[in-house]
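Engineer: Right, I'll just put the structure down here and ask away after.
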Amino acid sequence: MKGTHDMLSESYKFKDSNKTTSKEGSDSEEETSEADESREILSKATKSHEMLSEAGKPHGAEESHQSEPDNKEVVDSSLLERYKHQCPPLVLPYIKRIFDPPSDGHCGFHAVSRALGYNNEGCYRVREEMIEEISKNKNTYTKLLGGANELAKFVDGLQVGEKKGPFGPSKWLNQLLHGQILADLYVRPVIFISLKSSSSFIPLRLGPNQSPDTTPIYLLHVDNNHWALAYIEPKDGVIPIPPPLSSKQMVSDAAKGWKSNILS
Numbered sequence: 001m002k003g004t005h006d007m008l009s010e011s012y013k014f015k016d017s018n019k020t021t022s023k024e025g026s027d028s029e030e031e032t033s034e035a036d037e038s039r040e041i042l043s044k045a046t047k048s049h050e051m052l053s054e055a056g057k058p059h060g061a062e063e064s065h066q067s068e069p070d071n072k073e074v075v076d077s078s079l080l081e082r083y084k085h086q087c088p089p090l091v092l093p094y095i096k097r098i099f100d101p102p103s104d105g106h107c108g109f110h111a112v113s114r115a116l117g118y119n120n121e122g123c124y125r126v127r128e129e130m131i132e133e134i135s136k137n138k139n140t141y142t143k144l145l146g147g148a149n150e151l152a153k154f155v156d157g158l159q160v161g162e163k164k165g166p167f168g169p170s171k172w173l174n175q176l177l178h179g180q181i182l183a184d185l186y187v188r189p190v191i192f193i194s195l196k197s198s199s200s201f202i203p204l205r206l207g208p209n210q211s212p213d214t215t216p217i218y219l220l221h222v223d224n225n226h227w228a229l230a231y232i233e234p235k236d237g238v239i240p241i242p243p244p245l246s247s248k249q250m251v252s253d254a255a256k257g258w259k260s261n262i263l264s
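Shown next as structure tokens:
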């Protein structure tokens with residue numbers, strides 16, 4: 001497995017899908033402070049939202065997909081042909097098929113819902129469960145997001161009631177804002193992949209032994225503003241794992257087990 005990693009890229013790690021979980025000690029690498037990490041993540045996420053908002057509805061915006069007859073809630077292997085040029089080359093060989101959700105402003109939440117086995121209205125359930133997760137762990141997410149005001153904005157972005165959309169960028173799934181909360185909520189690694197950048201979010205509170213399903217959720221960013229769900233199939237017992245963005249200083253002892261489960 002080490003040889004596979006060396007040949008492909010140092011920016012990705014590859015998990016042995018048959019590897020058993022073992023507990024790890026504390027990380028000895030030099031770490032940035034928790035506050036600095038939170039500010040950096042929040043700054044990047046805010047900048048991304050501001051750029052989208054200022055642009056209004058750019059060419060290819062999510063809403064523009066609604067008129068396309070082939071953009072329905074389907075899982076089709078032919079979609080891989082459609083999106084393969086937007087998949088990172090290192091990940092493409094592992095993608096078996098793609099689920100392309102409706103482009104209604106819920107697309108990222110639809111993708112997460114599908115990965116969890118929820119029904120077609122599951123996007124609302126995902127939003128509600130994220131809000132509940134924040135409510136139960138308010139102190140943690142206040143620190144992670146950079147303060148009470150930012151937390152309030154975050155929650156507002158998740159609240160849509162039962163509106164069908166379309167919604168503006170402030171209501172869309174955002175990699176840097178939502179990745180860690182999704183990983184903690186569902187106790188599964190959440191992996192965002194795109195041609196521009198790819199990253200992983202690993203649960204910080206609970207370990208793999210406490211997870212109902214340790215299979216990572218892979219969210220593929222396409223067309224500059226649309227999320228799809230990529231189904232990954234191991235090759236020779238390995239799957240690609242981009243660099244994690246999770247805060248090392250906030251990880252619990254139990255969650256350190258992810259290091260051997262998913263990053264070795």
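Residue numbers are given in full-length UniProt numbering: position 248 of the sequence shown equals residue 248, and the series is strictly consecutive.
For every residue, glycine included, the Cβ atom is placed at its ideal position computed from N, Cα and C.
#1: Do the region 143–159 and the region 216–234 meet, that is, are 3 or more Cβ pairs less than 8 Å apart?
#2: Going by beta carbon distance, what residues of the same chain come within less than 6 Å of C123, once the five residues before and after it are set aside?
#3: Measuring alpha carbon to alpha carbon, tell me which residue in P234, Y141, P166, K256 is nearest L206.
#4: Report the rounded CA-to-CA distance for I134 versus N225, giving the unit in angstroms.
#5: Which partner residues does residue 281 have in the DSSP bridge list?
#6: Quick one: any contact between the region 88–95 and the region 190–204, if contact means 3 or more CB pairs under 8 Å?
#7: Of all the options R125, E128, K143, which has the alpha carbon lying nearest to the alpha carbon of Q249?
#8: Express the C-alpha separation of Q180 and I131 in angstroms, rounding to a whole number.
#9: Which one of I232, A183, V160 has the shortest CA to CA distance from R125?
#10: Assuming I134 is part of the alpha helix (DSSP H), what are its boundary residues?
#11: Would you list the one or two residues that DSSP bridges to S199?
#12: Take the Cβ of A152 as the centre, count every other Cβ of all protein chains shown within 10 Å, and call the residue buried at 16 or more, exposed below.
#13: Since D156 is in the alpha helix (DSSP H), which residue starts that stretch and which ends it?
#14: Taking L80 as part of the beta strand (DSSP E), name the residues at either end of that continuous run.
#15: Output yes or no for whether 8 Å exceeds the beta carbon distance between S200 and P208.
#16: Taking the DSSP output, what are the residues bridged to P244?
#17: What does DSSP give as the partner residue(s) for residue 319 in the beta ladder?
#18: When burial is assigned at 16 or more other CB atoms within 10 Å of the CB, is N261 buried or exposed?
#19: Under 8 Å between the Cβ atoms of P234 and I202?
#20: Please classify P93 as buried or exposed, where buried requires at least 16 neighbouring CB atoms within 10 angstroms.
#21: Report the rounded CA-to-CA distance for I239 versus Y231, giving the unit in angstroms.
#22: Taking just the CA atoms, how far does V222 sit from H178?
#23: Does DSSP put Y218 in a helix, in a strand, or in coil?
#24: Helix, strand or coil: which one does DSSP assign to W258?
#25: Where does H226 fall in DSSP's three states?
Structural biologist: Let me lay it out:
#1: At 8 Å Cβ cutoff, the stretches do not touch.
#2: Numbered from its first residue, the sequence shown carries residue 123 at position 123. Answer for C123: H106, F109, H110, S113, listed in chain order.
#3: In the sequence shown, the residue the question calls residue 206 occupies position 206. Nearest C-alpha to L206: K256.
#4: Along the sequence shown, read from residue 1 onward, the residue named residue 134 stands at position 134. Along the sequence shown, read from residue 1 onward, the residue named residue 225 stands at position 225. When only Cα atoms are considered, I134 and N225 end up about 25 Å apart.
#5: Look at the range of the chain in this structure, 1 to 264, and you will see that residue 281 is not part of it.
#6: Cβ pair count under 8 Å is three or more, so yes.
#7: Stepping through the sequence shown from its first residue, residue 249 is reached at position 249. Closest by alpha carbon: K143.
#8: Your numbering for residue 131 matches position 131 in the sequence shown. Your numbering for residue 180 matches position 180 in the sequence shown. Whole-angstrom Cα-Cα distance: 13 Å.
#9: The residue you call residue 125 lines up with position 125 of the sequence shown. Nearest of I232, A183, V160 to R125, Cα basis: V160.
#10: Working through the sequence shown from its first residue, we reach residue 134 at position 134. For I134, the uninterrupted alpha helix (DSSP H) segment begins and ends at 122–136.
#11: The residue labelled residue 199 in the question sits at position 199 within the sequence shown. Note: S199 sits in a beta bridge opposite F192.
#12: Translated into positions along the sequence shown, residue 152 becomes position 152. With fewer than 16 other Cβ atoms from the protein chains shown falling within 10 Å of its own Cβ, A152 counts as exposed.
#13: Numbered from its first residue, the sequence shown carries residue 156 at position 156. From DSSP, the alpha helix (DSSP H) with D156 extends over 148–158.
#14: By 1-based counting over the sequence shown, the position of residue 80 is 80. Looking at the DSSP string, L80 is not in any beta strand (DSSP E); the run it does join, the alpha helix (DSSP H), is 78–83.
#15: Here residue 200 is taken as the residue at index 200 of the sequence shown, counted from 1. Here residue 208 is taken as the residue at index 208 of the sequence shown, counted from 1. Against a cut-off of 8 Å, the Cβ pair of P208 and S200 comes out as no contact.
#16: Locating residue 244 in the sequence shown gives position 244, counting from the first residue. P244 pairs with S200.
#17: In the structure displayed, the chain extends from 1 to 264; residue 319 sits before or after that span and is not available.
#18: Taking the sequence shown and counting its residues from 1, the one referred to as residue 261 is at position 261. Label assigned to N261: buried.
#19: For this step, residue 234 is matched to residue 234 along the sequence shown. For this step, residue 202 is matched to residue 202 along the sequence shown. Contact: no.
#20: In the sequence shown, counting from the first residue as 1, residue 93 sits at position 93. Residue environment: P93 is assigned as exposed (fewer than 16 neighbouring CB atoms within 10 Å of its CB, all protein chains considered).
#21: Walking along the sequence shown from the start, residue 239 turns up at place 239. Walking along the sequence shown from the start, residue 231 turns up at place 231. For I239 and Y231, the distance between alpha carbons rounds to 11 Å.
#22: The residue you call residue 178 lines up with position 178 of the sequence shown. The residue you call residue 222 lines up with position 222 of the sequence shown. For H178 and V222, the gap between their C-alpha atoms comes out near 18 Å.
#23: In the sequence shown, counting from the first residue as 1, residue 218 sits at position 218. Three-state result, Y218: strand.
#24: Locating residue 258 in the sequence shown gives position 258, counting from the first residue. The answer is helix: DSSP assigns W258 an H, G or I state.
#25: Numbered from its first residue, the sequence shown carries residue 226 at position 226. Note: H226 maps to strand in three-state DSSP.
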